[in-house]
Amino acid sequence: IVASTSLSSSLIRSFNTATILSRVTSCPILSFVTSIQCLTASSSSNRISLPTINRVEENYGIIPKRLMGDTAYGTAEMLNWTVEKGIALHSPIWEKGERNDDTYSISELVFDPQNNEYICPKNNRLHTTNEVTHANTIRYRSRVRECADCKDKSKCCPNTSCRRIARSLYEEAREIARAIHKTPEYQ
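Residue 24 in our numbering is what sits at position 44 of the sequence shown, and the numbering runs on without skipping anything.
See the structure below:
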């Protein structure tokens, strides 16, 4: 189990701590600390956890089965790292594609992996050049003429000539995390 906490007072600086507790296999109640790492509170949570978990794996051969954290743990890169390690991440996912303005969110479009394209609710296709951006995403966009004639343009891309989407290189890991969110353990 990995836990993040913050300590602060007027006398000491704030610190984030990443603590790994390992259960004693012969006694399920007893646990012991295998690693603690403190950094200033401005440090990103996942910058703390990654080296801490890697160090415990190297020193003790232990990898946690679950990791719990706040939204800072829900970045695409962190989700991908936990999937590669076989760790179930119990953390809110950092979602950038969801909208709350009555327009279509990315979750309302369907990704077609066979053709590497998105399909909008009106069955128009969003294509890509497969060029990776500096943010580790691949851009998809619809055709301007298809959007101009679409009766749902105001619900899809009201302020642009066509719909554009950025898909994370780690979207498969994000899907695994979304599935974990639906489990009773996450609830």
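Every residue, glycine too, gets a C-beta built ideally from N, C-alpha and C.
Keep in mind that this is a model prediction, so the values were computed, not measured.
Going by Cα to Cα distance, which pick from the options is closest to residue i?
{"i": "Pro31", "options": "Thr55, Lys45, Trp61", "result": "Trp61"}
{"i": "Arg143", "options": "Asn103, His70, Leu47", "result": "Asn103"}
{"i": "Ile67", "options": "Phe91, Arg46, Tyr166, Asp50", "result": "Arg46"}
{"i": "Asn34", "options": "Asp50, Lys65, His114", "result": "Lys65"}
{"i": "Asn139", "options": "Asp50, Ile160, Met48, Tyr84", "result": "Tyr84"}
{"i": "Val124", "options": "Cys137, Gln94, Gln167", "result": "Cys137"}
{"i": "Arg79", "options": "Pro101, Thr108, Lys135, Asp50", "result": "Lys135"}
{"i": "Glu151", "options": "Ala115, Asp50, Cys100, Pro101", "result": "Ala115"}
{"i": "Gly54", "options": "Ser141, Pro101, Ala157", "result": "Ala157"}
Could you pull out every residue in the same chain whose Cβ sits closer than 8 Å to the Cβ of residue i, ignoring the five residues on either side in sequence?
{"i": "Ile145", "result": "Gly77, Ile86, Leu89, Tyr98, Leu106, Arg119, Tyr120, Arg121"}
{"i": "Thr117", "result": "Ala146, Arg147, Ser148, Leu149"}
{"i": "Asn110", "result": "Asn96, Ile118"}
{"i": "Asp82", "result": "Lys135"}
Is any heavy atom of the ligand MG found at a distance shorter than 7 Å from the C-beta of residue i?
{"i": "Ile33", "result": "Among the components modelled here there is no ligand, and therefore nothing to report on the ligand MG."}
Leaving aside the five residues before and after residue i along the sequence, list all residues of the same chain whose C-beta is less than 7 Å from its C-beta, in chain order.
{"i": "Lys133", "result": "Cys127"}
{"i": "Arg154", "result": "Ala56, Leu59, Ile73, Ser148"}
{"i": "Thr163", "result": "none"}
{"i": "Glu37", "result": "Ile43"}
{"i": "Phe91", "result": "Tyr98"}
Taking residue i as part of the alpha helix (DSSP H), name the residues at either end of that continuous run.
{"i": "Glu57", "result": "56 to 65"}
{"i": "Arg158", "result": "151 to 161"}
List the endpoints of the continuous beta strand (DSSP E) containing residue i.
{"i": "Glu115", "result": "Glu is not the amino acid found at residue 115; the sequence shown has Ala there. Looking at the DSSP string, Ala115 is not in any beta strand (DSSP E), and its letter there is neither H nor E."}
{"i": "Glu97", "result": "97 to 99"}
{"i": "Arg46", "result": "46 to 48"}
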